[in-house]
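Participant:
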Amino acid sequence: MSSKTPNVIQPSRREFLKSSTATLAAAGGMGMLGNFMAAPAFANGYAAGMTGGPTGFDGAERFQYNNTMSEGRAIEGIKALREAGNVPQKITMLLTDGAIGQITKPFPDGAPSAKEVWERETGIEIDIIGAPAEDIFKKVMQDVTTGGGSFDIYTGPWNSTGDLVSSGGAVNCSDFVTRYQPDWGDRERGTTTPENEKLLYTYAGDYYSVSLDGDYQTWFYLKGLYEDPRVQEAFLSETGAELKTPDTWDEVDRISKFFTGKDFGNGTMYGNGNLMSPFWGLATFYARFASMDFPNFHFFDAEANPQLNTELGIQCAEEHVRSFEWSPPDSLTFTWAEAYATMWNLLIPHTAIYTNLVKFGDGFNADGTPKSKATGMIGSHLPVGRRFGDKINRRSVLYYNITAWISSQSSHPEAAYLFLQWLSSTRTYTWMAGNPGGYFDPFQQANFREPLVASTYHPYSMETIPATIARSVPSINFAGQTALDNALDEEIQAAITGQKTAREAMDAAQGKWERIIKRQRRNGIVDAIKASRETWPTIVDDA
Amino acid sequence: MTDQTLTDTTGNADTMGYWQKVARDGPRMGFWFVLPTLLLLLFIVVFPLLMQLYLSFTWWTPLEGIPWYQAWEVFNWGENYWFMITDPRFWGALWRTVLIMIVAVPAQFFLGMALAYLFIDKFPGRKIFYSIMLTPMMIVPAVVGLMFFLLFQGTGPVNDHLGLPAEFSWLTDVNRAMISVIIADIWQWTPLMFLILLAGMLGVPSDQLLAAKLLGGSNWQNFVKIILPRMKTVIIIALVLRAVECFKIFDLVFIMTKGGPGVQTETISVFLYKQTFGDLEWAYVATIGLSILIALSILAVKGLSYMAKK
Amino acid sequence: MKTSASAMALKYFFVLLASAVVLYPLLWMVTMAFKPYPEWTTVSGLTWFPQNPTWQNFEFIFYGHAEGLVVSLDRTISGPLIASLVTSICGTLIAVVCGTLSSYAVVRFGLAQSLPLSVLQLRLFPPLAVMIPVMVMWAFIGAVDTWWGLSLIYGIVTLPFAFWLMKTFFEEVPVEIEDAARVAGCSYWRVFYRITLPIVKPGLATCALFVFILNWSDYLLALLLTQKEWVTLPVYMATLTSAMGGQMYGMKAALGVIAAIPPVVFGLMIQKHLVRGLTFGALKQ
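Chains as they are written, first to last, in our numbering: chain A, 1 to 543; chain B, 1 to 310; chain C, 1 to 285.
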């Protein structure tokens, strides 16, 4: 964070001043104060004026609410539905399996689990079905297309919202949003910008998706290693440059190349820790792609033609393929978890990856043992980009991002919505984001101010994650996304494994994309592509 | 019924009369016996065939926003068939499926034959070894996939024991990924070949073997001249059985490589799975599914009539 | 057969080698099932036998949590275990009952001579080639994610084996026995039920176990036709992933060990008869 970076809060603040929702501001400000004021505990465990939320641990009042708050309105909503006799016995949720613990495991000591709090306050049981992250959307489409109706709530990658909406599988929640006023876009506590709220929660102008994650690929590096004089010396003598955190992809590649094959006392290292495997590696490719031009290099041009086999596109593919040389063996079978392990075992110097890398790998377990060999050694920096004159267009990407939708087959969509509103509102979500039992990551402003979140994600992330969010481009998220991503992914993998040159692969991918767009034209894909271009950030930094 | 009737089976009965009765009542009686199977067959054949035929002439995908029975709105005059014929991915998947078949099945056959030959006559411990040999085919294929996924990691036991470096990746290498899958398939299904072939060998009447031995033939000569010719039917059945099941290979590949790297181990089943739930190209899947059904039916009928002639 | 000592040594060499190849992957899985988390991956060195053997993996899949693990499961193995058992058994019943009846009719009444071929064709096609219509049908009749829906498809896909296996057994029952009973005044049904069926009883048992193993091994059909309540063991295995450690290899291996027990036990029980099922009676022993 050494370079002059505009405060990420600023745009929203300016917006906010223009708007006339002064009451919201007051409420938000109070909320902030409440964060740090010790409140007297009442007999029922709630702080003064609060009617619900977790209890039983220090600071629980920060996550409690009453019916002037988003969570409280959800609970009130359920009560009203119950009086009308319109609540289900239980709500069934299809959830990525690694996130289950965040809802079912109590956190911190003495607290109930999120599930217990909900069930206590509403009497509606939450039934969670796990599915592997890569395959969960197949499971969703299975349920949609066969009319199985097994779930009230689906979760899956944010990218697939368009596919799900087109297939008629998701409920339009706009009416619910108007009625119950969730605080997703709250200027003080919610998403970092109004654009961000639009991106995460709406599709084609309506509310369909509820974000439960912050999958903005964030850069982490082994600070301890970078600062080791032996390493610095070796780097200087080999490359003639000083070893510092990279600002551009060229510097990333140079550092990757340097570390590959070196041993600084923890075994032979590999230079490239970024995800390269099928499905997950797309994020790495997209991030590199987005910064190829100034200020952005879009996946599609203004007429919605793919830009994969343009000169810049091919150059990006070549760089991406070359970076595989510096990757650990088996990295093509890695999911995020195996990739984390390489950093935890000090085998890679840096990686742009999901932020829970540090939640699970830095710090200490309850019994005092370090979570991994990398405990205390990890640092974080801004996304990298490319130099254009005296500017750098730092870019990251929003990819995957666990997102929930209400199934159009649910017999109680309103109750399901209210559960989601309760779960995703800033108080409950902040509490949950700190929970190390799963991989929902922080993305709301309130998350980054919360000591509990900071204690699991570490203070260094609390600055870089919001800065990364401000510089993140959305990956593909309109109808046809699965087909587009799969087509590109297969070609990239073909290039990485040497079956094709980067140019051949990009040519082939371009052809497939054009065909898919042609096929989807009648479903409005061209408008969706154009709309998506508008959501890209324009923020650039001084070099 | 009592034992009495059971023992009273001497040829007093009028067999002709029985068969006449069967000829008269059989169809009526037999109808009820066949009915459940017939219903199941009709159930599983009629609707799927019609639906696939219908869908294969449209663009329809679940993203279309209309139910599948309204797919005529996006009728496309058989363009899917043309696309299939010119789709390198489809032919690639078909070729890889056949490749696995023509490598794995003969390998299983020869290994199975060799093993069966070892087990022809008795030796101490034969029973235990026999049981060991059969275990792989009892393991759930999905579990076998997981086992080999773990074994073939670059940092896994195979590389370690063979003294290969961790960079010698199996599952993510263009050629070795396919080899890994084939090895896993051979491991799992050689026992089946072994079992069938051994039974075939033991089925050769021992007096013929004895006669051959008295004539002074060596073990090998006896094997080639006497045992092998008598095993012909068994061998054909074993090969056909494995080839048919091998064509459908899914679990192993899907769990070990998901068809990767790229599409290097993508078989027909994996390809269809990805098209169905990944790309959601349902009309296209229907086209391919129907084509495969027709092609295999023709093959099966031709093959059976050819075998019947022999 | 006389065999020299060297030939015998050679034979043992090959038999031992084959056994080693067979046992190598199995051993890796079994030991994996008893390894604690740090030993799952080989990043920190490869060990054959668990350095700190533990029941933790089994404990986790049975209780949903285990001592010293921050992750937990919402669904334990008990549901999938029951689902696997129920659907495999019911599927087997459907296949065996239908297969037995119809093959008897083909053998004894000379009916439906095209049936053997049609039934065989059923086994020929990759299931994925017809899965879309099947899924639509299953959804239409409300059979998705039900025990009977999965049992039904299991019954259908294993019917060919049951049919052909029982056909070979019926072909070996002498006509004269049934004939005598028939003359004694029994109805066709009674002849079948009281005379023929008891004779082929061992065959029937073999057939049932064999079909059970086939159903138990299925992954694909359960993957496509179940969602939550009736997920079977192999499908459940794929969901054993945690946020922290990714794929939970130890738990998966433990599950693999459990899933292997019924088929191995049954398989060894019927290994003598297995052959007949697989060769469709080509060799009459």
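Even for Gly, the Cβ is constructed at its ideal location relative to N, Cα and C.
Quantities reported herein were computed from a predicted structural model and do not represent experimental measurements.
If you measure from the beta carbon of C:M29 to each beta carbon in chain A, is any gap under 8 Å?
Facilitator: no
Participant: Please report the residue range of the beta strand (DSSP E) in which A:W219 lies.
Facilitator: 218-222
Participant: For the beta strand (DSSP E) containing A:W422, list its first residue and its last residue.
Facilitator: It is not in any beta strand (DSSP E) - A:W422 instead sits in the alpha helix (DSSP H) that spans 413-424.
Participant: Answer yes or no: do B:K148 and B:A184 have a C-beta to C-beta separation smaller than 8 Å?
Facilitator: Residue identity check: residue 148 of chain B is Phe in the sequence provided, not Lys. Yes; because the gap between Cβ atoms is below 8 Å, this pair is in contact.
Participant: Quick one: give me the first and last residue of the alpha helix (DSSP H) that A:W118 is part of.
Facilitator: 114-122
Participant: With C-beta atoms as the reference, is C:Y219 less than 8 Å away from C:I77?
Facilitator: no
Participant: Could you check where the beta strand (DSSP E) with A:S396 kicks off and where it finishes?
Facilitator: 396-398
Participant: Note the first and the last residue of the continuous beta strand (DSSP E) segment covering A:I90.
Facilitator: Note that residue 90 of chain A is Lys in the sequence shown here, rather than Ile. Here the beta strand (DSSP E) through A:K90 covers 90-96.
Participant: Within the same chain, show all residues whose beta-carbon is closer than 6 Å to that of A:Y216, passing over the 5 residues directly before and after it, in chain order.
Facilitator: S396, L398, T468, I469, S472
Participant: Can you give the Cα-Cα distance for C:L16 and B:M133, rounded to whole angstroms?
Facilitator: The alpha-carbon atoms of C:L16 and B:M133 are separated by roughly 10 Å.
Participant: Using a Cβ-Cβ cut-off of less than 7 Å, give me the residues of the stretch 237-266 of chain B that come near chain C, in sequence order.
Facilitator: Those would be I237, L241, V244, F247, K248, F250, D251, in chain order.
Participant: Below 8 Å on the Cβ atoms is my contact criterion, and I expect C:D145 with A:G148 to pass it. Report the Cβ-Cβ distance as a whole number of Å.
Facilitator: 6 Å
Participant: If distances are taken between C-alpha atoms only, which option among B:M137, B:I128, B:T58 comes closest to B:N76?
Facilitator: B:T58
Participant: Which two residues bound the contiguous beta strand (DSSP E) that contains A:E125?
Facilitator: Element bounds for A:E125: 125-131.
Participant: Taking only beta carbons into account, state which residues of the stretch 171-189 of chain C come closer than 9 Å to chain A, listed in chain order.
Facilitator: none
Participant: How many Å lie between A:L24 and A:D186 at the Cα?
Facilitator: Any reading at A:L24 is ruled out, since the residue's pLDDT is 38, under 50, leaving its predicted position unreliable.
Participant: Could you pull the DSSP bridge partners for A:A404 from this structure?
Facilitator: A:A404 pairs with A:T155, A:V210.
Participant: When you compare each of C:Y63, C:S102, C:L128, C:V106 to B:L39 by their alpha carbons, which one comes out closest?
Facilitator: C:S102
Participant: Write down the C-beta distance between A:K373 and A:G363 rounded to the nearest angstrom, noting that I regard them as a contact closer than 8 Å.
Facilitator: About 13 Å separates the two Cβ atoms, so there is no contact after all.
Participant: DSSP three-state call for A:P550: helix, strand or coil?
Facilitator: Any question about residue 550 of chain A goes unanswered here, given that chain A covers just 1 to 543.
Participant: Does the stretch 50-70 of chain B come close enough to the stretch 279-293 of chain B to have 3 or more Cβ pairs within less than 8 Å?
Facilitator: yes
Participant: Mind listing, in chain order, the continuous alpha helix (DSSP H) runs of no fewer than 4 residues lying wholly within the stretch 121-197 of chain B?
Facilitator: 126-134, 141-151, 157-162
Participant: Decide yes or no for the touch test of the stretch 105-114 of chain A against the stretch 133-148 of chain A: beta carbon pairs closer than 8 Å, at least 3 of them.
Facilitator: Result no; under three Cβ-Cβ pairs closer than 8 Å.
Participant: Residue range of the alpha helix (DSSP H) that A:H320 falls in?
Facilitator: 311-323
Participant: Hey, how far is the Cα of C:C90 from the Cα of A:N86?
Facilitator: 37 Å
Participant: Compute the Euclidean distance between the alpha carbons of A:W219 and A:T355, then round it to the nearest angstrom.
Facilitator: 9 Å
Participant: Does the beta-carbon of B:I102 have 16 or more other beta-carbons within 10 angstroms, so that it is buried, or is it exposed?
Facilitator: exposed
Participant: Can you confirm whether the stretch 274-281 of chain A touches the stretch 292-312 of chain A when touching is taken to mean that 3 or more C-beta pairs between the two stretches lie within less than 8 Å?
Facilitator: no
Participant: Once you ignore the five residues that flank A:A41 on each side, which residues in its own chain have a CB closer than 6 Å to its CB?
Facilitator: With a pLDDT of 45 at A:A41, under the threshold of 50, the modelled position of that residue is not reliable, and no figure is offered here.
Participant: Are three or more beta carbon pairs between the stretch 195-207 of chain A and the stretch 176-185 of chain A nearer than 8 Å?
Facilitator: yes
Participant: Report the neighbours of A:G148 on chain C: residues whose CB is nearer than 7 Å to its CB, in chain order.
Facilitator: A139, V144, D145, Q227
Participant: Quick check: the Cα distance between B:N80 and B:W32, rounded to an integer number of angstroms?
Facilitator: 42 Å
Participant: Under 8 Å between beta-carbons, which chain B residues line up against A:G205? List them in chain order, please.
Facilitator: Chain B residues near A:G205: none, gap ~17 Å exceeds 8 Å.
Participant: Within 10 Å of its beta-carbon, does A:K512 have 16 or more other beta-carbons around it, so buried, or fewer, so exposed?
Facilitator: buried
Participant: Given B:S312, which residues of its chain have a CB within under 7 Å of its CB, disregarding the five upstream and five downstream residues?
Facilitator: The question about residue 312 of chain B has no answer, for chain B in this structure spans 1 to 310.
Participant: Taking C-alpha atoms, which residue in C:W216, C:S151, C:Q271 lies nearest to C:P262?
Facilitator: Shortest Cα-Cα distance from C:P262 to any of C:W216, C:S151, C:Q271 involves C:W216.
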